[in-house]
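Undergrad:
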Ligand code: XIL
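Numbering (my numbering), first residue to last: 329 to 777.
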């Protein structure tokens with residue numbers, strides 16, 4: 329109590345400035361500019377795929393703070409929105425759209441016409457061409473109308489090509505013929521004339537047979553007057569394998585008069601991650617960012633999940649992972665700083681990078697609670713530490729142990745006690761506190777500084 333009071337007194341003159349600084353950037357690197365501000369200054373989008381079920385706590389804080397665009401990872405796919413025919417589940421997709429509105433973010437709609445993640449009733453049904461055509465038109469119209477005016481860009485058609493540039497055999501190409509793409513785009517334009525309409529694919533980042541087929545399609549759609557505004561390059565890449573023709577490829581699409589977006593960037597490595605692999609990954613992220621920044625019609629980059637704990641890679645590519653810019657514990661990786669650097673921000677990792685702090689409420693009663701912060705290092709170490717956070721709901725620290733804590737307004741700073749400043753690589757330190765709360769007691773993001 330005593331040290332808290334005296335801390336308050338000494339901090340009181342700097343109260344407003346300190347409070348404002350921490351509220352503006354309450355996350356991992358309070359002193360750094362969020363990626364979205366750097367991107368906005370360059371007129372670019374920096375986005376992430378997000379899982380609506382996770383948009384609270386640290387995950388939600390980072391998603392809102394760092395990105396100016398979000399893409400629902402699965403929530404807008406057909407099997408998610410219409411699991412049985414005529415019965416719709418919009419709740420997860422709605423959540424992403426409201427999160428985006430609340431955080432002043434764009435939404436990338438993903439995706440309307442695809443061979444994968446279609447509901448069983450559709451995939452296993454037997455349809456005449458006329459039935460299939462009207463089912464697809466209804467789907468596009470229903471989903472786009474629901475979110476009309478709130479989706480900046482739609483991945484209307486996803487993954488239409490084989491690696492050799494021929495059309496993929498799908499329910500759509502088989503049932504409707506190759507012109508299903510033009511029809512889908514035309515229906516999409518009618519449903520939401522304000523949304524940018526994209527065709528999106530993977531392994532089309534460099535100049536190759538598949539991207540050339542996509543290029544020829546876009547060229548012919550433009551010539552026919554079919555509405556097409558952009559090309560999405562998914563960019564599910566492998567460590568050390570950013571195609572050298574990436575920028576040239578982006579440029580050739582741009583020269584057709586369409587926008588280009590990197591829509592699903594991740595860069596996977598064989599596990600375990602090492603410092604050398606993480607450094608290569610940072611260089612790879614930078615190469616992708618730089619290529620987009622260099623072409624004015626490249627609107628921006630979306631990562632397919634911002635944290636390694638929320639990436640599809642380990643589930644799908646055996647033995648691979650660590651593909652995103654944040655660790656599983658929400659610590660920014662070298663790739664994060666590479667993205668920031670490419671967008672004109674600082675590239676320096678703060679001391680203690682590789683160390684993260686996790687906040688938890690271990691006990692709570694009517695007006696009080698006991699909180700705990702665990703600082704762990706992996707791939708870094710600390711010889712002293714300060715843990716900072718901002719209470720979002722009026723909570724107050726009343727007493728702390730194993731740390732010296734002060735609170736000024738909503739801003740709390742706890743520094744190590746004389747005996748626990750050292751956190752070795754692979755080790756951790758925990759401190760605790762009692763506090764008061766009322767109404768709600770959300771967990772803040774703790775930053776180390
Ligand atoms: C992935 C999701 O991330 C996974 O959760 C899901 O199990 C499978 O689909 N290309 C795309 C995305 O266009 O929709 C895919 O997303 C990844 C590959």
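Note that beta-carbon positions come from the ideal geometry of N, C-alpha and C, so glycine has one too.
Treat the numbers as computed from the prediction; the structure is a model and nothing was measured.
(1) According to DSSP, simplified to helix, strand and coil, what is residue 597?
(2) So, helix, strand or coil for residue 488, using DSSP?
(3) Per DSSP, what kind of secondary structure is residue 770 in: helix, strand or coil?
(4) Compare the C-alpha of residue 682 against each of 529, 406, 658 and 740 and name the closest.
(5) Tell me whether residue 690 is buried or exposed, calling it buried when 16 or more other Cβ atoms sit within 10 Å of its Cβ.
(6) Secondary structure at residue 776, three-state DSSP: helix, strand or coil?
(7) Assign residue 411 to one of two classes, buried (16 or more other C-beta atoms within 10 Å of its C-beta) or exposed (fewer than that).
(8) Verify the contact flag: residue 687, CB atom, against every heavy atom of the ligand XIL, threshold strictly below 7 Å.
(9) Below 8 Å CB to CB, which residues in the same chain sit around residue 621 once its five sequence neighbours on both sides are set aside?
(10) Return the Cβ separation of residue 642 and residue 633 in integer angstroms, given the expectation that the two are a contact with Cβ distance under 8 Å.
(11) Is any heavy atom in the ligand XIL found nearer than 7 Å to the beta carbon of residue 636?
(12) Span of the beta strand (DSSP E) holding residue 524?
(13) Just checking residue 486 against the ligand XIL - is the residue's beta carbon closer than 7 Å to any of the ligand's heavy atoms?
(14) For residue 743, which residues of its own chain have a beta-carbon under 6 Å away from its beta-carbon, when the five flanking residues on both sides are left out?
(15) What would DSSP say about residue 403, mapped onto helix, strand or coil?
(16) The ligand XIL and residue 407: does any heavy atom of the ligand fall closer than 7 Å to the residue's C-beta?
(17) What would DSSP say about residue 625, mapped onto helix, strand or coil?
(18) Pairs of beta-carbons, one from the stretch 423 to 433 and one from the stretch 457 to 469, closer than 8 Å: are there three or more?
(19) Measuring only the C-alpha atoms, how far is residue 588 from residue 769?
(20) Which of helix, strand or coil does DSSP assign to residue 673?
TA: With the structure as the only source:
(1) In the structure shown, residue 597 sits in a strand (DSSP, three-state: E or B).
(2) coil
(3) Residue 770 sits in coil when the DSSP states are folded into three classes, being neither helix nor strand.
(4) Ranking 529, 406, 658 and 740 by Cα distance to residue 682 puts 658 first.
(5) Around the beta carbon of residue 690, fewer than 16 other beta carbons lie within 10 angstroms, which makes this residue exposed.
(6) Three-state DSSP puts residue 776 in a strand.
(7) exposed
(8) no
(9) 370, 372, 670 and 671
(10) Wrong, their Cβ atoms sit about 11 Å apart, outside the cutoff.
(11) No; taking the cut-off as 7 Å, the Cβ of residue 636 has no heavy atom of the ligand XIL nearer than that.
(12) Residues 524 to 529.
(13) yes
(14) Exclusion of the five residues before and after residue 743 leaves 714 and 732 as the residues of its chain whose Cβ lies within less than 6 Å of its Cβ.
(15) coil
(16) no
(17) coil
(18) no
(19) Answer to the nearest angstrom: the Cα atoms are 43 Å apart.
(20) coil
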